[in-house]
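To convert, count from 1 in the sequence shown and add 546; that's the working numbering. Beneath this line is the structure, given in structure tokens, with notes to follow.
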Amino acid sequence: MASTVFIAKESASGEPRVAGSPDSVRKLAALGLKVVVQKGAGLGSQIPDADYAAAGAKLGTATAAKTADVILRVRRPTDAEVKNYKKGAVVIAIMDPYGQEKALAAMAKAGLTTFAMELMPRITRAQSMDVLSSQANLAGYQAVIDAAHVFDRAVPMMMTAAGTVPAAKVFVMGAGVAGLQAIATARRLGAVVSATDVRPAAKEQVASLGAKFIAVEDEEFKAAETAGGYAKEMSKEYQDKQAALVADHIAKQDIVITTALIPGRPAPRLVSKAMLKSMRPGSICVDLAVERGGNVEGAKAGGIAEVEGVRVIGYDNVPGRIAASASQLYAKNLVTFLETLIDKDKTALAIDPDDELVKATVLTRDGAIVHPNFGGPKDQKGEA
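Below, the structure is given as structure tokens:
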């Protein structure tokens, strides 16, 4: 019997994204799966119920989740929602598991098999499933658009009969997926762009986008990258040297965009109030890490704070600010991953616990927390 997939309407306040698109529904149906979409699930992403129905989905209420074999979500389900899912159901979402021991225990107790999409390994096979990249890419773009919207001056250089408007100077801190997209977007708008990152590989990437690279390039810098491609936390000595270089550079910038995040840890502080004070009045700073404590001193989650004469933008859920695009990409990430968990001949779930994608992302299974990073067992190598 074909498995049933339920695409839930998000219950979290301020979350307009949805875990399915008409295109992903068609792909799931093509795999032989039955798809039920909760009524109104896509409205925040400009997807009317009729579009899901036309793609082959049935429309249902939240109670339809009780019989679903797979539940697709954007965010981790609440305890009340967990109690509405049947034992043995598979739940796939951005789980935000760090520091959420009670929530993980509740999902394990309910007998759910849960997968955290943000733990997807950064390997070639999983590129099309990488939600951190798909959502961060949009966040980097939107950060520049938000900055330009608040900025009181034009971004590109303009030569007019009345005089020349100089190009805005934009400095991007962190050249990961979000940072690189911010660089590219700022360049498209005509800004003079510079960027910094502690990973040596970022230097070439920044230069390839036409931006100037700013960093203290010592021996510690040359070794500052994990095997997974993330930035390592740097020593206090390096941070002090880098801060001095950055402080001098920031004083000359119009817009600063910070994107630095280390998985499972509070966001590193990159910009102090003293640095902000050195910028000219009317300057803009966008903190994309504000939901993890922020890279910018004085940033406040959910809005714009004026700190030392600089407007610091700290919007929550930046990908959700362009929900239609974010949902489209996230739905593709989900359906590509779910396809690896399906036996195509039986059109039913067939999860291989030894698959590297499963081992990296599964949080709970068979009534227990199984991921080693969150209290699950470790093998002899300390890996999942």
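Every residue, glycine too, gets a C-beta built ideally from N, C-alpha and C.
Local Cβ density within 10 Å of residue i, reported as buried at 16 or more and exposed below that
i, result
"A930", "Since pLDDT at A930 reaches only 40, below the 50 mark, its modelled position is unreliable, and no value is offered."
"H917", "buried"
"G928", "Interpretation of G928 is limited by its pLDDT of 41, a score under 50 that renders its predicted location unreliable; no figure is taken from the coordinates."
"Q560", "Gln is not the amino acid found at residue 560; the sequence shown has Gly there. Exposed: under 16 other Cβ atoms inside 10 Å."
"L791", "exposed"
"Q926", "Reliability fails at Q926, whose pLDDT of 38 lies under 50, so the model's placement of it is uncertain and no value is given."
"T910", "buried"
"M821", "buried"
"R814", "According to the sequence shown, residue 814 is Pro rather than Arg. Looking at its Cβ environment, which holds 16 or more other Cβ atoms inside 10 Å, P814 is buried."
"T607", "exposed"
"D800", "buried"
"G645", "exposed"
"Q673", "exposed"
"S754", "exposed"
"D676", "buried"
"A914", "exposed"
"P562", "buried"
When the options are compared against residue i, the one with the closest alpha-carbon
i, options, result
"I553", "A614, G590 and K573", "A614"
"A654", "K632, I669 and V881", "K632"
"V999", "R619, A610 and K580", "Limits of the chain in this structure are 547 at one end and 930 at the other, which puts residue 999 out of reach."
"T550", "Q592, G586 and V636", "V636"
"I850", "E750, G839, A707 and D833", "D833"
"R838", "K819, Y861, K823 and I830", "Y861"
"A869", "A914, A685 and A651", "A685"
"V842", "I803, P667 and M666", "I803"
"A610", "K555, V836 and A708", "K555"
"M703", "G848, A693, A714 and L875", "A714"
"I593", "R671, M719, K648 and D569", "D569"
"E852", "P712, P899, V723 and V696", "V696"
"E902", "P865, D912, V881 and P667", "P667"
"K604", "K585, V690 and K612", "K585"
"V858", "A694, A872, L589 and E647", "A694"
"A626", "S557, D692 and V583", "S557"
"Y876", "V908, A548, K890 and G566", "G566"
N-terminal and C-terminal residue of the beta strand (DSSP E) that residue i is part of
i, result
"Q584", "K580 to Q584"
"S679", "Careful: S679 lies outside any beta strand (DSSP E), inside the alpha helix (DSSP H) at V677 to V696."
"S740", "V738 to T742"
"P860", "Position check: residue 860 holds Gly in this sequence, whereas Pro was assumed. Its beta strand (DSSP E) spans residues V856 to G860."
"K715", "K715 to M719"
"I801", "I801 to T804"
"E852", "G849 to V853"
"F552", "T550 to I553"
"L807", "From DSSP, L807 is part of no beta strand (DSSP E); its letter is neither H nor E."
"F661", "T659 to A662"
"R911", "V908 to R911"
"L605", "K604 to G606"
"G709", "G709 to V711"
Presumed contact (8 Å Cβ cut-off) between residue i and residue j, rounded CB distance
i, j, result
"Q727", "R867", "Between R867 and Q727 the Cβ distance is about 14 Å, and since that is not below 8 Å, they are no contact."
"G855", "P827", "5 Å"
"F883", "I638", "7 Å"
"A721", "D743", "4 Å"
"Q788", "V752", "In fact, because the Cβ distance is near 15 Å, the residues do not count as touching under 8 Å."
"A906", "L658", "Going by Cβ atoms, the distance from A906 to L658 rounds to 18 Å, so no, they are not a contact pair."
"S781", "A757", "Actually they do not touch by this definition, with Cβ atoms about 26 Å apart."
"T806", "A835", "The sequence given here places Ala at residue 806; Thr does not occur at that position. Right, their Cβ atoms sit about 6 Å apart."
Where the alpha helix (DSSP H) through residue i begins and ends
i, result
"E627", "D625 to V628"
"R613", "Contrary to the premise, residue 613 reads as Thr rather than Arg in this sequence. No alpha helix (DSSP H) contains T613, which DSSP labels as neither H nor E."
"A706", "The sequence as given places Thr at residue 706; Ala does not occur at that position. Unbroken run through T706 is the beta strand (DSSP E), M704 to T706; no alpha helix (DSSP H)."
"A747", "A747 to S754"
"G560", "From DSSP, G560 is part of no alpha helix (DSSP H); its letter is neither H nor E."
"A601", "D595 to A601"
"T882", "A869 to E885"
"S569", "The question names Ser, yet the displayed sequence has Asp at residue 569. Per DSSP, D569 belongs to the alpha helix (DSSP H) from P568 to A576."
CB contact below 8 Å: residue i versus chain B
i, result
"R867", "No chain B is present in this structure, which holds just one protein chain."
Indicate whether the contact test is met: 3 or more Cβ pairs, each with one atom in the segment 567-583 and one in the segment 874-891, closer than 8 Å.
With a cut-off of 8 Å, the segment 874-891 and the segment 567-583 count as touching, because enough Cβ pairs lie within range.
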